[in-house]
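Residue numbers (the working numbering), protein chains in the order written: chain A, 5 to 327; chain B, 5 to 341.
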Ligand SMILES: Cc1ncc(C[n+]2csc(CCOP(=O)(O)OP(=O)(O)O)c2C)c(N)n1
Ligand SMILES: [Mg+2]
């Protein structure tokens, strides 16, 4: 199997889907001639032309809204938001329109759109460029939320997302684009709502998604030296949420740590913890630990930023508290 | 590039439309008027609840514009959309049933007055976020262009949408990509109670077209033929690949903003002046001038429309409510039966 980057895996998924289905097209700021702000769409314009790889003005609200309209008109748009921070300008179209149309029209309309956006901190980009906003979308019924950690998942989940009939928010982590991994060539699809047990263990369950999965894996290694056998679960998608895999693991370990890069308060981890309590309270030996981003805007200073973000160290300490 | 208002457009339109077609315009306007009057009655009897915005007084705009379209053309509208939906061809029964919250309604009782949708007549929805429909219309226009189909999109919105970013973004993109979209601003002079001159720096709204390099025209929305003529021209242009247009239809809503608004911010005198310019009376007068014998035909139409409305109310009243099992349906398409 080929070793390629997360970025290349996404590009491959886009390429294959553009080739497979005439109705699929990409639009967004700088996706064409520039090749994408993070080069995810690099080279696609040359192959598929301006009609299918469409540069747009800086008008997030209307780019997303036009994607929704195009989806209602029978196309399969993939809208790239340059980063999720700018996606906030499109929240009306995402929450009030994309998420509502199927329901409020009694099931008679469909919105098969994929909204892709990079997110996450760690690059000293300051308060307005470092957010992880998955909880905003998780909160809203009607949206699927997909958030891959590995190159293979990036490809397999994106291909599935493109073929979904519901609006999908597809969140990529800016720190993962260069990460390499084995990715199956050609047709490769991963169903939504299937968590992946990345590492098996019997002492503590670390539940995570996106980049934090790697912090969890590093923490698990460190814990191994301390004689703690950690299980690491990558959720892959937040909606649908595969809580069964998590609960099964917690029943075995009796302890859970939820790790996520959103703010601690009201983050996706709070929902996951609540669902663990609801389904597996009797199995828990201790309260669920949360390791997340500090409740502050992201600082620029490198040391401060590092301290604000979740890390393997913090996960190890959380596990020690649980021991 | 803005077109000057063409005073003779309505006259030309009258000459191109035969008496049968004028009768059809008349029928559609009367249908909407009677429908809205009945809705008000049903609202006061508690049969219809929630927000409900009536279209009475503005019929000339929806009917004139939509008559200029083909069946397969798309319409996108706002929360004040009963008129557009009926004019596009949705049945009075299914619209009334939706207002009654019944499972036989267009949106199975999930939408209500503000969220009608009928794919079969390409009425692509009523949206209750001011300005929210414009980006959707741009996207539908993009889908027509992309599929190389000749359809156009007609997007209705109020004067209140002009100061929204969505308006400016949408006109910019539609023009940039030469999309087949007709933007129709129904300028009824008020948002809820805020007058347009207190909300928009350029109160001659059609002038915004110039900034976006598209034709802009102001028409008398109380003259169904003038609206018809302007939209015919804009639709031809859009269909030929020459891009969008902005049409400002000056009109007036007879009732308050919604059923709960007594409209105390405006004078009775103002209301009377506009009642005298009524679009239905206007067309009726014109048809009678051309042919005094038309009266019998118009009266038949009035009667037929009354029957349609009574039947719609009966149907809505007798229809079942959605069952509780409907509550969680349609959140995701995969959960459908
Ligand atoms: C984004 C947004 N802001 C505020 C409102 C509340 N609101 C509903 S209708 C309305 C007035 C809109 O007026 P206009 O666009 O002229 O339409 P009209 O009701 O006159 O047809 C307002 C402020 C809303 N629905 N959406
Ligand atoms: Mg208004």
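Backbone N, C-alpha and C fix where the C-beta goes; we use that ideal spot for every residue, glycine too.
Given this structure, state the Cα-to-Cα distance separating residue i from residue j, to the nearest angstrom.
i                      : j                      : result
residue 129 of chain A : residue 216 of chain A : 19 angstroms
residue 163 of chain B : residue 189 of chain B : 6 angstroms
residue 334 of chain B : residue 97 of chain A  : 18 angstroms
residue 29 of chain B  : residue 285 of chain B : 12 angstroms
residue 161 of chain A : residue 26 of chain B  : 55 angstroms
residue 261 of chain B : residue 203 of chain B : 16 angstroms
residue 184 of chain B : residue 246 of chain B : 8 angstroms
residue 274 of chain A : residue 92 of chain B  : 47 angstroms
residue 279 of chain A : residue 193 of chain A : 27 angstroms
residue 64 of chain A  : residue 137 of chain B : 15 angstroms
residue 281 of chain B : residue 226 of chain B : 7 angstroms
residue 2 of chain A   : residue 213 of chain A : Within the shown structure, residues of chain A are numbered from 5 to 327, placing residue 2 of chain A beyond reach of any answer.
residue 96 of chain B  : residue 296 of chain A : 54 angstroms
residue 302 of chain A : residue 14 of chain A  : 27 angstroms
residue 313 of chain A : residue 156 of chain A : 25 angstroms
residue 148 of chain A : residue 242 of chain A : 8 angstroms
residue 171 of chain B : residue 199 of chain B : 18 angstroms
residue 169 of chain A : residue 204 of chain A : 34 angstroms
residue 216 of chain B : residue 252 of chain A : 58 angstroms
residue 267 of chain A : residue 119 of chain A : 22 angstroms
residue 152 of chain B : residue 239 of chain B : 16 angstroms
residue 8 of chain B   : residue 231 of chain B : Interpretation of residue 8 of chain B is limited by its pLDDT of 47, a score under 50 that renders its predicted location unreliable; no figure is taken from the coordinates.
residue 154 of chain A : residue 93 of chain A  : 28 angstroms
residue 251 of chain B : residue 91 of chain A  : 31 angstroms
residue 21 of chain B  : residue 294 of chain B : 12 angstroms
Any beta carbon of chain C sitting closer than 8 angstroms to that of residue i?
i                     : result
residue 56 of chain B : No chain C appears in the structure shown, which is made up of the protein chains A and B.
Classify residue i as buried or exposed, calling it buried when 16 or more other Cβ atoms lie within 10 Å of its own Cβ.
i                      : result
residue 19 of chain B  : exposed
residue 20 of chain A  : buried
residue 38 of chain A  : exposed
residue 336 of chain B : buried
residue 18 of chain A  : buried
residue 131 of chain A : exposed
residue 276 of chain A : buried
residue 224 of chain B : buried
residue 345 of chain B : For chain B, the structure presents residues 5 to 341; residue 345 of chain B sits outside this window and is missing.
residue 178 of chain A : buried
residue 16 of chain A  : buried
residue 94 of chain B  : buried
Could you name the residues that DSSP lists as bridge partners for residue i?
i                      : result
residue 1 of chain A   : Any question about residue 1 of chain A goes unanswered here, given that chain A covers just 5 to 327.
residue 81 of chain B  : B:130
residue 348 of chain B : The question about residue 348 of chain B has no answer here: the residues shown for chain B are numbered 5 through 341.
residue 241 of chain A : A:150
residue 249 of chain B : B:186
residue 30 of chain A  : A:57 and A:82
residue 119 of chain A : A:83 and A:173
residue 222 of chain B : B:252
residue 234 of chain A : A:208
residue 194 of chain B : B:199
residue 65 of chain B  : Paired residues: none, contrary to the question.
Examine ligand 2 and report whether any of its heavy atoms sits within less than 7 angstroms of the Cβ of residue i.
i                      : result
residue 282 of chain B : no
residue 295 of chain B : no
residue 260 of chain B : no
residue 162 of chain B : yes
If I'm right that residue i touches residue j with Cβ under 8 angstroms, what's the distance once you round it to whole angstroms?
i                      : j                      : result
residue 115 of chain B : residue 80 of chain B  : Going by Cβ atoms, the distance from residue 115 of chain B to residue 80 of chain B rounds to 15 angstroms, so no, they are not a contact pair.
residue 123 of chain A : residue 137 of chain A : 6 angstroms
residue 187 of chain B : residue 118 of chain B : That pair is no contact at about 20 angstroms.
residue 255 of chain B : residue 65 of chain B  : 5 angstroms
residue 126 of chain A : residue 309 of chain A : 7 angstroms
residue 201 of chain A : residue 249 of chain A : 7 angstroms
residue 150 of chain B : residue 55 of chain A  : 7 angstroms
If you measure from the CB of residue i, is any heavy atom of ligand 1 nearer than 7 angstroms?
i                      : result
residue 77 of chain B  : no
residue 132 of chain B : yes
residue 196 of chain B : yes
residue 274 of chain B : no
residue 271 of chain A : no
residue 192 of chain B : yes
residue 61 of chain B  : no
residue 60 of chain A  : no
residue 135 of chain B : yes
residue 222 of chain B : no
residue 270 of chain B : no
residue 57 of chain B  : yes
Going by the C-beta, is residue i closer than 7 angstroms to any heavy atom of ligand 4?
i                     : result
residue 32 of chain B : No copy of ligand 4 occurs in the structure displayed; its ligands are ligand 1 and ligand 2 alone.
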